[in-house]
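Below you'll find the structure, written out as structure tokens, and then a few comments.
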Amino acid sequence: MPPVLVPALPLLLGATLTFRAVRHALCRLPLPAHVRADPLRTWRWHNLLVSFAHSIVSGIWALLCIWQTPEMLVEIEKAWSLSGYLLVCFSAGYFIHDTVDIVISHQSRASWEYLVHHVMAMGAFFSASFGADCWWGVLTLLVEVSNIFLTIRMMM
Numbered sequence: 008m009p010p011v012l013v014p015a016l017p018l019l020l021g022a023t024l025t026f027r028a029v030r031h032a033l034c035r036l037p038l039p040a041h042v043r044a045d046p047l048r049t050w051r052w053h054n055l056l057v058s059f060a061h062s063i064v065s066g067i068w069a070l071l072c073i074w075q076t077p078e079m080l081v082e083i084e085k086a087w088s089l090s091g092y093l094l095v096c097f098s099a100g101y102f103i104h105d106t107v108d109i110v111i112s113h114q115s116r117a118s119w120e121y122l123v124h125h126v127m128a129m130g131a132f133f134s135a136s137f138g139a140d141c142w143w144g145v146l147t148l149l150v151e152v153s154n155i156f157l158t159i160r161m162m163m
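Residue numbers (the numbering used here): 8 to 163.
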């Protein structure tokens, strides 16, 4: 396993701020009529848009990581790639952003199951971000491919 060449903290901060900027940009898009009148639905809509963006990018990225480094499917404990490491840091940044967004928006009580999920995911991804074991994180992020379609269904 090669040493981690890129420090994790700047990557995590950069990814978190990137998702904040994505949310800010997506908030400028017109809202569907059924969302416009209710502030809770408006927040939820924006949250789903950011989640959708994360699912598209990380799902495709995870597939590309496996395509680029297929040995990870055979020897997961020895496989490593910079792309996989960056993907794990990118996704950890998303979970940080979404957790902060839920708490700041006072949705903690209504979204407690998301917070539990995010805390568990952040713990796992932080472990990979500060070490060299990123492949299990890449495999975990394959779930994001199905989340693309789940998020579309939730937005309907």
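Note that CB positions come from ideal geometry on N, CA and C, so glycine has one too.
Do A32 and L148 have their C-beta atoms closer together than 9 Å? Indexing the sequence shown from 1 puts residue 32 at position 25. Indexing the sequence shown from 1 puts residue 148 at position 141. No.
What span of residues does the alpha helix (DSSP H) with P46 cover, start to end? For the purposes of this step, residue 46 is taken as residue 39 along the sequence shown, with counting starting at 1. Element bounds for P46: 46 to 75.
Quick one: measure Cβ to Cβ for L19 and A99, integer angstroms, because I've assumed they're closer than 8 Å. Along the sequence shown, one-based indexing puts residue 19 at 12. Along the sequence shown, one-based indexing puts residue 99 at 92. The Cβ separation is near 6 Å, so the contact holds.
When S136, D108, V95, H53 are compared against I159, the one with the closest alpha-carbon: Within the sequence shown, numbered from 1, the residue matching residue 159 stands at position 152. Ranking S136, D108, V95, H53 by Cα distance to I159 puts H53 first.
Opening and closing residue of the alpha helix (DSSP H) in which D108 lies: Mapped onto the sequence shown, residue 108 falls at position 101. Looking at the DSSP string, the run of the alpha helix (DSSP H) that includes D108 is 89 to 111.
Quick check: what's the CA-CA separation for F137 versus A40? Residue numbering aside, residue 137 sits at position 130 when the sequence shown is read from its first letter. Residue numbering aside, residue 40 sits at position 33 when the sequence shown is read from its first letter. Rounded to whole angstroms, F137 to A40 spans 44 Å at the Cα level.
When you compare only the Cα positions, how much space is there between V57 and S118? Numbered from its first residue, the sequence shown carries residue 57 at position 50. Numbered from its first residue, the sequence shown carries residue 118 at position 111. Rounded to whole angstroms, V57 to S118 spans 16 Å at the Cα level.
What did DSSP end up calling V81 once you bin it into helix, strand or coil? Within the sequence shown, the letter at position 74 stands for residue 81. Here V81 sits in coil by DSSP.
Go ahead and pull the three-state DSSP assignment for R35. Here residue 35 corresponds to residue number 28 of the sequence shown, with the count starting at 1. Three-state DSSP puts R35 in coil, outside helix and strand.
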